[in-house]
Amino acid sequence: AQSVTQPDIHITVSEGASLELRCNYSYGATPYLFWYVQSPGQGLQLLLKYFSGDTLVQGIKGFEAEFKRSQSSFNLRKPSVHWSDAAEYFCAVGARFSGGYNKLIFGAGTRLAVHP
Amino acid sequence: GAVVSQHPSRVICKSGTSVKIECRSLDFQATTMFWYRQFPKKSLMLMATSNEGSKATYEQGVEKDKFLINHASLTLSTLTVTSAHPEDSSFYICSASGTDANTGELFFGEGSRLTVL
Numbered sequence: 005a006q007s008v009t010q011p012d013i014h015i016t017v018s019e020g021a022s023l024e025l026r027c028n029y030s031y032g033a034t035p036y037l038f039w040y041v042q043s044p045g046q047g048l049q050l051l052l053k054y055f056s057g058d059t060l061v062q063g064i065k066g067f068e069a070e071f072k073r074s075q076s077s078f079n080l081r082k083p084s085v086h087w088s089d090a091a092e093y094f095c096a097v098g099a100r101f102s103g104g105y106n107k108l109i110f111g112a113g114t115r116l117a118v119h120p
Numbered sequence: 177g178a179v180v181s182q183h184p185s186r187v188i189c190k191s192g193t194s195v196k197i198e199c200r201s202l203d204f205q206a207t208t209m210f211w212y213r214q215f216p217k218k219s220l221m222l223m224a225t226s227n228e229g230s231k232a233t234y235e236q237g238v239e240k241d242k243f244l245i246n247h248a249s250l251t252l253s254t255l256t257v258t259s260a261h262p263e264d265s266s267f268y269i270c271s272a273s274g275t276d277a278n279t280g281e282l283f284f285g286e287g288s289r290l291t292v293l
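Those sequence lines, one after another, are chains A and B. Numbering-wise (the working numbering), the first sequence opens with residue 5 and increments by one. Numbering-wise (the working numbering), the second sequence opens with residue 177 and increments by one.
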């Protein structure tokens with residue numbers, strides 16, 4: 005069965021420090037992978053996505069993620085965190101559904117706190 | 177990117193009443209929409225998949241008679257929480273497939289917070 009694991013429930017970093025949020029997935033075929041960010045009480049905003057090709061993908065707000073098939077991972081990184089990056093981050097895998105369309109399966113999320 | 181709008185963003189109702197939440201794709205046609213439920217500080221749980229003109233497909237454990245989903249047009253899906261109870265209080269988020277539906281990318285609404293007293 006498809007699944008997504010985000011091992012870190014809560015991470016705290018200092019402003020200006022680098023960040024890496026971990027994501028591991030389980031999926032039988034080549035996955036479509038996504039990172040979303042959610043601010044409190046808000047919907048989800050897509051940060052970046054991987055479908056195929058270059059395994060290092062660039063997203064918005066200075067984020068990037070690297071797909072590593074051998075490790076079944078899609079970790080999110082940012083070289084220098086800003087206070088406004090404090091939010092909940094969700095990794096998701098797009099799974100082919102029997103009806104012919106895809107649905108997203110989300111990880112549990114990682115809550116990022118940023119110290120000034 | 178594509179825009180998905182939900183209404184209302186917040187709703188408070190009395191126990192036993194029904195509440196309807198709308199999800200609209202504003203600038204694209206969405207043949208498939210998804211409804212998620214999110215408990216506080218938890219991840220998103222897929223409730224059902226809504227296809228225009230057909231019955232919704234519910235995930236295991238989701239009561240279809242409690243959570244009525246209608247997808248009458250290519251731009252509108254509705255979720256009705258019937259006979260709501262306090263345990264139905266939650267954050268409900270809809271999403272819709274973009275033009276490249278095969279890749280699975282979804283566009284999300286802003287969410288609707290339901291509080292049942």
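The C-beta atom is built at its ideal place from N, Cα and C for all residues, glycine as well.
DSSP places S7 (chain A) inside the beta strand (DSSP E), whose first and last residues are 7 to 9.
When beta bridges are read from the DSSP output, T291 (chain B) appears opposite B:I188.
With a contact defined as Cβ atoms closer than 8 Å, C27 (chain A) and V41 (chain A) miss out at about 13 Å. The Cβ of K72 (chain A) sits no closer than 8 Å to any Cβ of chain B.
Under the 8 Å criterion on CB atoms, K107 (chain A) is classed as interfacial with respect to chain B. Straight-line measurement puts the Cα of E263 (chain B) at about 41 Å from the Cα of P83 (chain A). S74 (chain A) carries a helical assignment under DSSP once its states are collapsed to helix, strand and coil.
The beta carbon of T16 (chain A) sits closer than 6 Å to those of A117, all from its chain and outside the five residues before and after it, given in chain order.
Shown here, S84 (chain A) sits in coil according to DSSP, grouped into three states, outside any helix or strand. Shown here, G98 (chain A) sits in a strand according to DSSP, grouped into three states. Looking at the DSSP output, I64 (chain A) shares a beta bridge with no other residue. C-alpha of P11 (chain A) to C-alpha of I197 (chain B): approximately 33 Å in a straight line. In chain order, K107, L108 make up the part of chain A whose C-beta sits under 9 Å from the C-beta of F210 (chain B).
Scanning the segment 20 to 57 of chain A from its first residue to its last, the whole beta strand (DSSP E) runs of 3-plus residues come out as 23 to 25, 28 to 30, 36 to 42, 48 to 54. The criterion of a C-beta distance shorter than 8 Å is satisfied by F38 (chain A) and G98 (chain A). If you check each beta-carbon in the segment 209 to 232 of chain B against every beta-carbon of chain A, the ones closer than 9 Å belong to F210, Y212, Q214, K217, K218, S219, L220, M221, L222, T225, N227. The beta carbon of S249 (chain B) is closer than 8 Å to those of E228 in its chain, skipping five residues each way along the sequence. The continuous beta strand (DSSP E) containing T208 (chain B) extends over residues 208 to 214. Listed along the chain, the chain A residues whose CB falls inside 8 Å of the CB of G285 (chain B) are G47.
Spanning the alpha carbons of F55 (chain A) and K190 (chain B) requires a straight line of approximately 45 Å. Note on H247 (chain B): 16 or more other CB atoms within 10 angstroms of its CB, so buried under the neighbour-count rule.
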